[in-house]
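Everything below concerns the one structure shown next.
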Amino acid sequence: MATSKKPLILITNDDGVNALGITKLIESIAPLGKVVVVAPNRPRSGMSSAISCIDPIRVSLLKDEGDLTVYSCTGTPVDCVKIGFDRLLDRKPDLLVSGINHGSNAAIAVIYSGTVGAALEGCIIGIPSIAVSLTDHSPCADFSEAARIGKSVAEKVLQNGLPEGICLNLNVPNIPKVKSLKVSSQTPGRWVRELEEMKDPTGKSIFWLTGEFFNQDPANENSDEWALANGYAALVPLRIDMTAHDFIQKIKHWEE
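Residue numbers for the sequence shown follow the working numbering, so the first one is 5 and each next one is one higher.
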């Protein structure tokens with residue numbers, strides 16, 4: 005009688021292979037199957053879906069013990085997914101989990117996030133994919149709740165799959181006990197007052213990214229920012245198809 009294979013799970017992140025968040029994610033996901041980690045060798049935050057077009061990519065094997073294999077990659081999070089899928093794995097993964105990110109990736113952050121970029125890349129390839137983030141940038145944050153909820157969502161995806169072209173963006177608030185999981189929509193808004201100007205030792209201007217998030221719909225109880233502010237973990241389904249289908253007919257006459 006043939007024996008069923010354990011689920012193959014690819015894990016990556018944008019904070020680097022040595023970050024505490026990915027360590028806690030590996031610990032929580034490991035019981036679900038065979039885990040292969042391909043993660044950047046250093047922090048790669050804000051990379052979105054960037055790829056290495058000029059520089060070569062190097063991969064180093066850090067660990068190969070039973071059902072856990074860990075690689076360090078010199079590329080971006082998306083590079084990690086590509087090289088894992090194309091070169092390092094012997095079959096298509098049953099699941100991709102990216103994270104746990106140090107810091108929120110709710111609202112407009114999905115556009116900039118390397119954590120979400122990796123999940124979107126998995127989605128493009130056809131792998132059911134999840135991005136997991138904790139709303140705490142501290143390198144020594146408590147990832148217990150994010151790991152617990154991330155594992156729960158991963159189990160559901162392994163059981164039920166995801167539709168083609170859709171991945172999941174999970175954000176978990178930095179509190180000791182999360183109320184529950186709330187399926188949400190992406191909060192409309194943008195960052196304002198984003199740049200702080202300083203002077204370098206020579207007197208020349210330098211700029212640091214800073215600012216604050218302007219929520220255009222703070223009372224919307226279906227949004228991810230509302231969920232996080234009120235003690236819930238926010239789960240938002242994302243599409244890789246960015247076409248504004250509802251606008252096509254309004255500009256169709258431009259073809260004339």
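For glycine and all other residues, C-beta sits at the position ideal for the given N, C-alpha and C.
Check                                                                                                                                        : Outcome
Please identify the residue among G121, P177, F218 whose C-alpha is closest to the C-alpha of A135.                                          : G121
Please classify K155 as buried or exposed, where buried requires at least 16 other C-beta atoms within 10 Å of its C-beta.                   : buried
Kindly examine the ligand HEM and report whether one of its heavy atoms sits closer than 7 Å to the Cβ of L172.                              : Annotation note on the ligand HEM: not contained in the displayed structure, which lists no ligands.
Beta-carbon within less than 8 Å of I33's beta-carbon, same chain only, minus the 5 sequence neighbours each way: which residues are those?  : I13, I15, V39, V101, G154, K155, A158
What is the DSSP secondary structure of Y116, counted as helix, strand or coil?                                                              : helix
Under the assumption that S137 contacts N164 (Cβ atoms under 8 Å), give the Cβ distance between them as a whole number of angstroms.         : Between N164 and S137 the Cβ distance is about 22 Å, and since that is not below 8 Å, they are no contact.
Helix, strand or coil, according to DSSP, for R194 in the structure here?                                                                    : strand
Can you tell me whether DSSP reads R91 as helix, strand or coil?                                                                             : helix
Buried or exposed: P60, going by 16 or more other Cβ atoms within 10 Å of its Cβ?                                                            : exposed
How big is the Cα-Cα spacing for H249 and P132?                                                                                              : 24 Å
Apart from the five residues just before and just after W195, which ones in its own chain have a Cβ nearer than 8 Å to its Cβ?               : I112, G215, E216, F217, F218
So the alpha helix (DSSP H) N164 belongs to, where does it begin and stop?                                                                   : 148-164
Nearest by alpha-carbon distance to M246: which of I115, S49, C84, P35 is it?                                                                : I115
Among residues of its own chain, excluding the 5 on either side of G118, which ones have a beta-carbon nearer than 7 Å to its beta-carbon?   : D18, R48, S49, G50, M51, S52, T80, P81
Look up L65 in the DSSP assignment and give the residues it is bridged to.                                                                   : Y75
Determine which residues share a DSSP beta bridge with H106 and list them.                                                                   : L138
If you drop the 5 nearest sequence neighbours on each side, which residues of the same chain put their C-beta closer than 7 Å to that of T7? : Residue confidence is low: T7 scores 46 on pLDDT, short of 50, so the model does not pin down where it sits. Its coordinate-derived value is still stated next. There are no such residues.
What first and last residue would you give for the alpha helix (DSSP H) that runs through I26?                                               : 24-33
Buried or exposed for Q253, going by 16 or more other Cβ atoms inside 10 Å?                                                                  : exposed
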